[in-house]
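Here is the structure we will look at, set down as structure tokens.
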Amino acid sequence: MMLTVGKKITGGFLLVILLVVIMSVFTYVKIGDINSSYEVLIDNSLRKMELTQGVATDLANEAVAMRRFNFTGNMADIAAFNDYRKKSDEKLAQLSEIVITEQGRKTLQVMRQEKANYEAIAEKSIEARKANNQEAVALYMQEVGKPYNAAINASEELVQVVKALVDTDKKAQTEQAKQAQTLLLLVNIFVAFIAVGIGVFVSQSISKPIRKITGCANELANGNLREEDVLVKSSDEIGQLAVSFNTMKENLRQLIKQVMVTAEQVAASSEELTASSEQSAQAANQVASSITNVANQAGEQLATANETAAVVEQMSAGIQQVAANANQVAAHSAQAADKAQTGGTAVEQAVTQMNTIEKSSQVVAGTILNLNEKSREIGQIVDTIAGIAGQTNLLALNAAIEAARAGEQGRGFAVVAEEIRKLAEDSQAAAKQIAQLIGEIQGDTGKAVAAMNDGAQEVKTGTEVVSAAGTAFRDIAELVTQVSGQVKEISAAIQQMAGGSQQIVGSVKKIDDLSKAAAGETQTVSAAAEEQLASMEEIAGSSEALSQLSQELQATVAKFHV
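In structure tokens, the structure reads:
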């Protein structure tokens, strides 16, 4: 990826901005850590002080509840005493986790011991009060003062220990804040050095190659084209500028060399031009004498052109007659081609119709064969019915014999058997008639199939004959079309010949006119030859001036060192 100057500058600024953002984020994080540490310090300090003072307060409230119960005997004071006792125990447990110094642990242990002694005596006084033993209560009230005061003193001493811990935490937090300030200062200095380094790098990567190009350009301005190429390793716009500058210098060197060579060639050419102008003057005199001969020959050319025009006009008339006849032949050929195409189309339609008839015949033959097959199946069914009728007749006869044997009881059954026998005989007779009809139908269908086969064969033969006729018509149409096309081409060629003959007539007439004009122009050319002679003299003078200019150009180019 090519780093352009714009990308380098933008990248430098973005890198500096990134460093500033990183420094800002680092500062923000550090400040957040310090604030969090201060918040934790404040919370812990307040919590330690609240717990320490809360223990002393709960002890005082225990003592108040105890004394109130001893004076009033109200059981609610016992509940308050136990509640304050529980709260103080919980706060002491929390203090044991927070206070981690040796002195604090000793003070906390003393406080717990004195509190336990105090609460043991307080419970005894409460029990004595419950028993209405005022003397014991008074005795316990005197004894409870000592451990209570010791516990209060321990709590006050614990407050001082907690204050010392808070002061230690404050000092540690202050030291941490100072370290953070020092670290932020070092980070800022580091970022500043990096930003300066980026600026110096970007400026050097841009200004150094520009200074090289400027120095080389000054050498070129002084005419020194032998200066080495500017070497720039970067591929940005400045690198491209250096490449373009080197190319320009090389092109300029080649151009100066070419100018030097051209100046020498111009000097040599000017001398040759002077000699050529003298030769041209001599040639002009020869041209004037040649023009006189051209005028004499122009008269002879004029007579020849008149004769040629007469011959070409006769040939053109003959070609026009041939073209008219060719057009008639082409028209007749076109009509014959149309008739042949019409006949071919009719034959194709006849072939299509014959194919349709052949397909229809095949369908009808198939249908008749299918009908014959169905008739055969019906015959088989009728035979089956006849057999069943015969068996039924025999069964009816047997039934009548059995009915006769049965006497009066089988008379009704005999009547039914007789009716069944008659029906069987009628069914058998009908089956025979149906079989006879089916036999006649099968004979007729066989004749129809044979007739359809003969018709299909005749249709097939007719289709082949009509197809052969259609092929003959198509061949005739193609041949007539080819003849018509060839006649049209001949007609077109004859028309072109007729047009060409007219152009030849026109050209001959133009030659006649030009010959006449050439005779008059020879005088003009003679005058022009004299003017050309004068021009040759002017060219000789100009060639001398050109020789002088070429010498001045060589002197100017010599200032460059290639």
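For the sequence shown, our numbering begins at 1 and goes up steadily by one. We put the beta carbon where it would ideally sit given N, CA and C, even for glycine.
Residue i to residue j span [Cα, whole Å]
i	j	result
Val-363	Lys-447	16 Å
Gln-394	Glu-440	The amino acid occupying residue 394 in the given sequence is Leu; Gln does not appear at that position. One C-alpha to the other measures close to 30 Å.
Glu-143	Gln-176	51 Å
Ala-267	Ile-256	16 Å
Ala-555	Leu-231	33 Å
Gly-6	Glu-237	9 Å
Glu-464	Asn-327	39 Å
Ala-128	Ala-56	26 Å
Lys-170	Ala-180	15 Å
Gly-199	Asp-33	33 Å
Gln-349	Ala-331	27 Å
Val-261	Leu-252	14 Å
Asn-133	Ala-76	20 Å
Leu-15	Glu-552	60 Å
Lys-374	Thr-367	10 Å
Glu-227	Thr-10	34 Å
Gln-314	Thr-345	48 Å
Asp-338	Ala-324	22 Å
Gln-503	Gln-496	10 Å
Glu-531	Glu-544	21 Å
Glu-478	Asn-355	25 Å
Gly-485	Thr-471	21 Å
Gln-279	Glu-272	11 Å
Lys-130	Thr-168	49 Å
Asp-475	Ala-468	11 Å
Residue j beta carbon less than 9 Å from that of residue i
i	j	result
Tyr-148	Tyr-118	yes
Ala-403	Ala-414	yes
Ala-63	Val-110	no
Ala-389	Ala-424	yes
Glu-418	Ala-451	no
Ala-372	Gln-442	The question names Ala, yet the displayed sequence has Asn at residue 372. Yes, the pair counts as a contact, with Cβ atoms nearer than the cut-off.
Ala-136	Lys-124	yes
Ala-172	Thr-101	no
Thr-392	Ser-427	yes
Glu-358	Lys-460	yes
Counted within 10 angstroms of its Cβ, other Cβ atoms place residue i as buried (16 or more) or exposed
i	result
Lys-48	buried
Gly-54	buried
Glu-114	buried
Tyr-28	exposed
Phe-564	No statement about residue 564 is possible, as the shown extent of the chain runs from 1 to 562 and does not include it.
Leu-95	buried
Ile-31	exposed
Leu-549	exposed
Leu-18	exposed
Ser-24	exposed
Ser-88	buried
Ser-235	exposed
Gly-239	buried
Arg-405	exposed
Arg-211	exposed
Lys-91	buried
Ser-205	buried
Arg-411	exposed
Ala-138	exposed
Gln-431	Reading off the sequence, residue 431 comes out as Ala, not Gln. So Ala-431 ends up on the buried side.
Inter-residue CB distance, residue i and residue j (contact presumed, cutoff 8 Å)
i	j	result
Val-166	Thr-52	Actually they are not in contact, since the Cβ atoms of Val-166 and Thr-52 sit about 11 Å apart, beyond 8 Å.
Ile-126	Phe-71	In fact, because the Cβ distance is near 12 Å, the residues do not count as touching under 8 Å.
Gly-197	Val-161	About 54 Å separates the two Cβ atoms, so there is no contact after all.
Thr-107	Glu-157	5 Å
Ser-152	Leu-59	Per the sequence shown, the amino acid found at residue 152 is Ile instead of Ser. Confirmed, about 6 Å.
Lys-208	Leu-225	With a Cβ gap of about 24 Å, Lys-208 and Leu-225 do not count as contacting.
Met-66	Ala-122	5 Å
Leu-241	Ile-213	7 Å
Phe-13	Val-187	Not quite, the Cβ-Cβ distance comes to about 20 Å (not below 8 Å), so this is no contact.
*asked:* Contact between the segment 62-81 and the segment 189-200 is defined here as three or more beta-carbon pairs at a separation below 8 Å; is this criterion met?
replied: no
*Flag this pair as touching only if the segment 366-386 and the segment 430-444 have three or more C-beta atom pairs under 8 Å; answer yes or no.*
yes
*asked:* Tell me whether the segment 234-254 and the segment 213-223 touch, counting them as touching only if at least three CB pairs, one residue from each stretch, are closer than 8 Å.
replied: yes
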